[in-house]
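Residue numbers (my numbering), protein chains in the order written: chain A, 11 to 356; chain B, 11 to 356.
For every residue, glycine included, the Cβ atom is placed at its ideal position computed from N, Cα and C.
Okay, structure first, notes after.
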DNA sequence: TTGAAAGCGTTACCAT
DNA sequence: ATGGTAACGCTTTCAA
């Protein structure tokens, strides 16, 4: 592997000239520059980033921690982060913690050891001290995206989760639902609590409660949704509509309905959050999250800190309800309407 | 940020003692070791990986290049690579080229500049010289996964694509289809060609051709499938069944059918390849690829090279047909059967 | 069992 | 416009 030294020798100039010819950090005569570039080409020289980082005390690398890269939400958000990073001539290390605390802890260490210039945290969990310590040390700026971290109050970009819950409540109540359910990921996640709070507030504003037994917490993924749906539909008085705190879980709910012969939306209306690409394919009514923008904004926030320090205020993004075919009037409501229509005819 | 020097001072020992206490590369007396560890803890010391790599000439980092991280195929494969990497105490840089040549070129440079110890290549494209040059220089071993690289003959792990095509052909012909179509990504991709070849060979063995106008190449993603399906179904004599070279495109085909009111499988049977998680949700018949295993095997291959050099033989994995609800007898065939059944009744 | 010192490939500063 | 050289933080000889 050719080094800067080899290039210098090949081009017949000093090391520092090569360095500057490549970085453009000081004027270089055109012929010299050309000779250097030719030597680079001939030797297939690629500057060693480790050495560069070591000498310059900046790695030009950002860390991105996501909860589960196989949730389609993250790749898009990651792309947002990455594009902004690339604009700033940075690159990205993506760490998928898979909801596993040990793994998450290790990744934090890796990112710190790698001396990344900053971290975008999109993993929710972080129950562990590791991140708190890192933040406390203050060496590496961290911004959160999508999910605020418990007890940490990082700068970041978040969906207006309460608003999202309200919108869903309005939609379902308007359709005629009276018995409503909620399915969410682990209860300690701020987003889950906020979405539920908004949902409850929304239904309450129409004079409707959300019964305790109709609120189920489960694993954050499709399987969790499936399990929760089974519990919910087995109730004596099952809800006619359910708000599911994210699309992956909502897909699980749909799967449960399919496999147990429940009609959607006839027997159960389902609303998710995220608007994953697959939501369109399966006709899932959901709250749209601007995933790419959330990632990009988080990255911009990070560069803002990197460049001018400080603790920028959190950015809150507007939810948007996308109505598809997984929501409709409840069955009893339909027969009700039909009955009235018939009365009218007479 | 505390350095090894700080730790040495704090613990009252030399730098090399700290280094060895941490790496365990030479015997250290218990009390000394403890003092060092305490100092590390107190200062929150994290070894600088750049410096370490520079000094030891090994980064313990692998590069993973994927075509499109938002294709659910990749995360799972990536997980396979990552798990094996972690077992070897390596970490992973994931690069998503997005099918963009410029981006791909840049990433290759990044990985080389970062001095990764090896690269798993899962992106197909690589029409560019960059990778060829890198391979030619021979500094960094590269293995391919899922898609062999044109003109490069890397060690790697691949699906038996011809076999997959044959299996699909057998399945569709057995259902009674006579007019068959094929939709694939860019024709220069080896997998696409191989899957088509197997498909054609399979139908031929039943005495059936695949008409030229029924073979469509398009963009590798869902949108491409949608476009291709539109072309195919607009034909004078459209096929009654189509083999789509990957699930994302197949989802696009399904989407086209839905939006244009075509029944699946009544009007068109659809088979994909990959068996993405979403395939189950939408009931897509498809060829199962062991994604995780493909990734893990590729990583193992890479470590094999790293440890003992050489050029291991390519690993080929068996395809498996998963029949779901997107395939069935063609409509005319159904009426045909019904007609016969009625005849039988009389 | 420990310490000193020579690199590793760059950048950045001080000269010229 | 160019060259020399001291860092950067660590690993790895070589000595003791």
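What does residue 261 of chain B reach in chain A if we use C-beta pairs closer than 7 Å?
-> Per Cβ cutoff of 7 Å: 291.
Minimum Cβ-Cβ distance from residue 163 of chain A to chain B less than 8 Å = With its beta carbon at least 8 Å from every one in chain B, residue 163 of chain A lies outside the interface.
Chain-ordered residues of the stretch 31-58 of chain B with a beta carbon less than 7 Å from chain A = Taking 7 Å as the Cβ-Cβ cut-off against chain A, the residues of the stretch 31-58 of chain B that qualify are 54, 56, 57 and 58.
Residues bridged to residue 190 of chain A by DSSP?
-> Answer by DSSP bridge pairing, in chain order: A:251.
Flag this pair as touching only if the stretch 65-75 of chain A and the stretch 118-132 of chain A have three or more C-beta atom pairs under 8 Å; answer yes or no.
-> The stretch 65-75 of chain A is in contact with the stretch 118-132 of chain A.
Considering only C-alpha positions, which residue in the set A:232, A:237 and A:206 is nearest to residue 222 of chain A?
-> For residue 222 of chain A, the closest of A:232, A:237 and A:206 by C-alpha to C-alpha distance is A:206.
My understanding is that residue 253 of chain B touches residue 209 of chain B, with C-beta atoms under 8 Å, so please give their C-beta distance in whole angstroms.
-> Right, the Cβ-Cβ distance comes to about 5 Å (below 8 Å), so this counts as a contact.
Those runs of the alpha helix (DSSP H) which lie wholly inside the stretch 197-262 of chain A and span at least 4 residues = Listed in chain order, the alpha helix (DSSP H) runs fully inside the stretch 197-262 of chain A are 200-215 and 232-243, counting runs of at least 4 residues.
Counted within 10 angstroms of its Cβ, other Cβ atoms place residue 41 of chain B as buried (16 or more) or exposed | Exposed.
What residues match up with residue 298 of chain A in a beta bridge as DSSP calls it?
-> DSSP lists A:284 and A:330 as the beta-bridge partner residues of residue 298 of chain A.
Contact check, residue 46 of chain A vs residue 21 of chain A under 8 Å by CB: the rounded distance?
-> Correct: roughly 5 Å between the Cβ atoms.
Of the listed residues A:317, A:320 and A:304, nearest to residue 154 of chain A (C-alpha basis) = When A:317, A:320 and A:304 are compared, the shortest CA-CA separation from residue 154 of chain A is found for A:304.
Pick out whichever of A:130, A:107, A:80 and A:114 has its Cα sitting closest to the Cα of residue 92 of chain A.
-> When C-alpha distances from residue 92 of chain A are compared across A:130, A:107, A:80 and A:114, the shortest belongs to A:130.
Local Cβ density within 10 Å of residue 157 of chain A, reported as buried at 16 or more and exposed below that = By the neighbour-count definition (other C-beta atoms within 10 Å, threshold 16), residue 157 of chain A is a buried residue.
Residues of chain B with CB under 7 Å from residue 20 of chain A, in chain order?
-> Here the premise fails: no neighbours, minimum Cβ distance about 16 Å.
Within 10 angstroms of the Cβ of residue 198 of chain B, are there 16 or more other Cβ atoms? Answer buried if so, exposed if not.
-> Under the 10 Å beta carbon count, residue 198 of chain B is surrounded by fewer than 16 other beta carbons and is classified as exposed.
Contacting positions in the stretch 98-132 of chain B - beta carbon closer than 7 Å to chain A = Within the stretch 98-132 of chain B, the qualifying residues are 101, 103, 104, 119, 120, 122, 123, 124 and 125.
Kindly list the residues whose CB is nearer than 6 Å to the CB of residue 234 of chain B, restricted to its own chain and excluding five residues on each side of it in sequence; keep chain order.
-> Within the same chain, residue 234 of chain B has close Cβ partners 228 and 259.
Would DSSP call residue 305 of chain A helix, strand or coil?
-> Here residue 305 of chain A sits in helix by DSSP.
Please name the residues in the stretch 144-163 of chain A whose beta-carbon is closer than 7 Å to at least one beta-carbon of chain B, in chain order.
-> The residues in question are 147 and 149.
Can at least three beta-carbon pairs, one atom from the stretch 173-180 of chain A and one from the stretch 323-330 of chain A, be found at a separation below 8 Å?
-> Yes, they touch.
Hey, would you say the C-beta of residue 50 of chain A is under 7 Å away from at least one heavy atom of the ligand COA?
-> Among the components of this structure there are no ligands whatsoever, and the ligand COA is therefore not found.
What residues from the stretch 67-95 of chain B come within 8 Å of chain A, judged by C-beta to C-beta, listed N to C?
-> The residues in question are 69, 79, 80, 82, 85, 86, 88, 89 and 92.
Should residue 356 of chain B be flagged as near chain A, meaning a C-beta pair shorter than 8 Å?
-> With a pLDDT of 42 at residue 356 of chain B, under the threshold of 50, the modelled position of that residue is not reliable, and the figure given next carries that caveat. Residue contact check for residue 356 of chain B against chain A: no CB pair falls below 8 Å.
Contacts that residue 61 of chain A makes with chain B (C-beta to C-beta distance below 7 Å) | Under the 7 Å cutoff, chain B gives 64.
Partner residues on chain A for residue 303 of chain B, Cβ-Cβ distance less than 9 Å = Those do not exist, as residue 303 of chain B stays about 15 Å from chain A at its closest Cβ, beyond 9 Å.
Using three-state DSSP, classify residue 155 of chain B as helix, strand or coil.
-> Three-state DSSP puts residue 155 of chain B in a strand.
Is DSSP giving residue 278 of chain B helix, strand or coil here?
-> If DSSP states are grouped into helix, strand and coil, residue 278 of chain B belongs with coil.
Rounded separation between residue 180 of chain A and residue 212 of chain A - CA only | Note on geometry: alpha-carbon atoms of residue 180 of chain A and residue 212 of chain A lie some 6 Å from one another.
Measure from the C-beta of residue 223 of chain B to each C-beta in chain A and report whether the shortest distance is under 8 Å.
-> No, its Cβ sits nowhere closer than 8 Å to a Cβ of chain A.
Would you say residue 151 of chain A and residue 250 of chain A are within 8 Å of each other, going by their C-beta atoms?
-> Taking 8 Å as the Cβ cut-off, residue 151 of chain A and residue 250 of chain A do not qualify as a contacting pair.
Considering only the beta carbon of each residue, do residue 336 of chain A and residue 280 of chain A sit closer than 8 Å?
-> Contact flag set, yes.
Residue 355 of chain B in three-state terms, based on DSSP | Unreliable positioning characterises residue 355 of chain B in this predicted model, as indicated by a pLDDT of 49, which lies under 50. A coordinate reading is not provided.
Alpha-carbon to alpha-carbon, residue 82 of chain A and residue 247 of chain A = Residue 247 of chain A and residue 82 of chain A have their C-alpha atoms roughly 34 Å apart.
Do you know how far the Cα of residue 283 of chain A is from the Cα of residue 272 of chain B?
-> Residue 272 of chain B and residue 283 of chain A have their C-alpha atoms spaced approximately 29 Å apart.
Which chain A residues sit within Cβ distance under 9 Å of residue 17 of chain B?
-> Going along chain A, no residue has its Cβ under 9 Å from residue 17 of chain B, so there is no contact; the nearest lies around 14 Å.
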